[in-house]
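Report on the structure given below.
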Amino acid sequence: IDKNPAEPEFHQAVHEVLLSLASFLEENPHYINSGILERMVEPERIIIFRVPWVNDVGKIIVNRGYRIEMNSAIGPYKGGLRFHPTVNLGILKFLAFEQVFKNSLTTLPLGGGKGGSDFDPKGKSDSEVMRFCQSFMTELYRHIGHNTDIPAGDIGVGGREIGYLFGQYKRITNEFTGTLTGKGVNWDGSYIRPEATGYGNVYFAEEMLNTRHESIKGKTVLISGSGNVAQFSAEKVNDLGGKVVTLSDSNGYIYDPNGIDKSKLKFVMQLKNIERGRIKEYAEKYNVKYVENETPWKEKADIALPSATQNEITKDDARSLIANGCICISEGANMPCTPKAIEIIIQNKLLYGPGKAANAGGVAVSGLEMSQDSMRLNWTREEVDARLKNIMKEIHKTCIKYGTKPGGYVNYMDGANIGGFVKVADTMIDLGTV
Ligand code: NDP
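UniProt numbering puts the first residue of the sequence shown at 17, with every later residue one more than the last.
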């Protein structure tokens, strides 16, 4: 904490992993003797840079850009870019740290990284977003590459932003390589990448439910957020016969007791991705409840899929969810549950899928996009979806292997943390003092 002041989210992420690892490390002291932990919490490299750009009225705006190259033991740095006004070094370090474990769990050769900027795309014109992205890439390009560091999207970085970033990268380097993932299918992207995090989270929840002879079918589901992860989680829940009753954004949530079906979801996608409107407009269109400045966790449901941001489920929210009969919480977002909330969820023996495992489908399909880019060919939707499903099953198995407690309860958080750690730690030992 002294070495990394004012980084509470990073401390939180590291603390959670260390708690999970404690008894495993006692049984395997060679990891401690090799200084693995000290090395894993120190990023291999941090790049911080100025991003000047000109807004639509000719004013020069200066944002701050970051790339955290956290760990490249098992593959090139891989992780998203987040554009949001709350972005700072500590948040990106937490995300990069989590990414190392997540990428290890995918079974693919991917190291961990994360980056972004305090730029807020909300309320900006397309030209402003483009000028910002071009300026951001004009510095970032020299640090990344298809064999070095491969960024992708995250909050505030979707298909539009990846397009502008990739366009500028290609222009500066005069190369067409898969240095970014989340690209459009016309320009070397992969089918199912936009869907992958949401679909993957629902596949993971289904795996967890199956262990208790349950399934998504017939279940009521709370989802927070209304961006990429939320939209495709909702789509997959609908496909599997569940009913989604909430979505949200940073201003509030909507509650639709009849379910956000396929046609209503189409409206949400148009509203959020094209018109860049607010979720409140859903409530106005379909005449349902809208609750301002609240999260959806006080509503009654069987399953919760937090898909907005970190620390969005507090201990009180966890208590409400449990009191309302929730049996499964699976994290589409990164670190959406506070440590106290997790404690309560686990004490009550819910099925709890931590983000590192449950939302790893996004980066997994990014890994598949990298393979397709290298081979210069495109797999079909069905092929990518089948591979995604299989990867989520493998991640689930790893969690069971390392997370099953005496008595049979599966602590997926411990399972994901230990399972993700072992591959990276063993490799770091093989590679010497790196
Ligand atoms: P988007 O930008 O597409 O959507 C984010 C959604 O969350 C929006 O509805 C946004 O509302 C809401 N939100 C963001 N910040 C806050 C906040 N502080 N309080 C309340 N609501 C907020 O991002 P994604 O869907 O891509 O990402 C969502 C989460 O999933 C993040 O935690 C991300 O790290 C994680 N994730 C994403 C992956 C991906 O492939 N995209 C992969 C793995 C994890 P508003 O419109 O008002 O900002």
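Each residue gets a CB set at the ideal place from its N, CA and C atoms; glycine is no exception.
Between the alpha carbons of residue 59 and residue 112 lies a gap of roughly 8 Å. In this structure, DSSP gives residue 85 an extended state, which the three-state scheme calls strand.
Secondary structure of residue 97 (DSSP, three-state): strand.
Here residue 402 is exposed: its Cβ has fewer than 16 other Cβ atoms, across all protein chains shown, within 10 Å. Inclusion of residue 397 and residue 157 in the CB contact set at 7 Å is not warranted, their separation being larger than that value. Taking C-beta atoms under 8 Å as the contact rule, residue 25 and residue 84 fail to qualify, at a distance of about 13 Å. It is roughly 17 Å from the alpha-carbon of residue 278 to the alpha-carbon of residue 241. Here residue 192 has 186, 204 as same chain residues with Cβ atoms under 8 Å from its own Cβ, once five neighbours each way along the sequence are excluded.
Exposed is the label assigned to residue 22, since fewer than 16 other Cβ atoms lie within 10 Å of its Cβ.
Leaving aside the five residues that flank residue 41 on each side, the residues in its chain whose CB is nearer than 6 Å to its CB run, in chain order, 47, 48.
By the neighbour-count definition (other C-beta atoms within 10 Å, threshold 16), residue 292 is an exposed residue.
Contact annotation, residue 232 with residue 258: C-beta distance approximately 4 Å; criterion of less than 8 Å satisfied.
Using a Cβ-Cβ distance cut-off of 8 Å, the region 318 to 332 and the region 246 to 265 are in contact, since at least three pairs of beta carbons, one from each stretch, lie closer than that value.
Residue pairing by DSSP places residue 167 opposite 95 in a beta bridge. Residues 283 of the same chain have their beta carbon placed closer than 7 Å to that of residue 301, with the five preceding and five following residues left out of the count.
Residue pairing by DSSP places residue 313 in no beta bridge whatsoever. Restricting attention to alpha helix (DSSP H) runs no shorter than 4 residues, the region 330 to 395 encloses them at 331 to 339, 355 to 363, 371 to 374, 377 to 391, ordered along the chain.
The bridge partners DSSP lists for residue 320 are 238, 345. Your pair residue 263 and residue 270 checks out as a contact, with CB atoms roughly 6 Å apart and the cut at 8 Å. The region 302 to 312 makes no contact with the region 216 to 226, as fewer than three CB pairs between them are under 8 Å.
If you compare the alpha carbons of 438, 419, 147 with that of residue 431, the shortest gap goes to 419. For residue 340, the shortest C-beta to heavy atom distance toward ligand 1 is 6 Å or greater. In this structure residue 272 does not touch residue 237 by the C-beta definition: roughly 12 Å separates them, more than the 8 Å allowed. Between ligand 1 and residue 245, a heavy atom-to-CB distance of less than 6 Å is present.
Taken through DSSP and simplified to helix, strand or coil, residue 435 comes out as helix.
Residue 401 has its Cβ no nearer than 6 Å to any heavy atom of ligand 1. DSSP places residue 20 outside both helix and strand once states are collapsed to three, so it counts as coil. Rounded to whole angstroms, the separation of the alpha carbons of residue 351 and residue 421 is 22 Å. Relative to ligand 1, residue 333 has its C-beta separated by 6 Å or more from all heavy atoms. Residue pairing by DSSP puts residue 79 in a beta bridge opposite 67. Note that the C-beta distance between residue 260 and residue 213 is not below 7 Å. In the DSSP annotation of this structure, the continuous segment of the alpha helix (DSSP H) that includes residue 255 starts and ends at 244 to 255. The C-alpha of residue 392 lies about 29 Å from the C-alpha of residue 372. In this structure, the CA atom of residue 314 is about 6 Å from the CA atom of residue 337. Ligand 1 approaches residue 171 closely enough that one of its heavy atoms is under 6 Å from the residue's Cβ.
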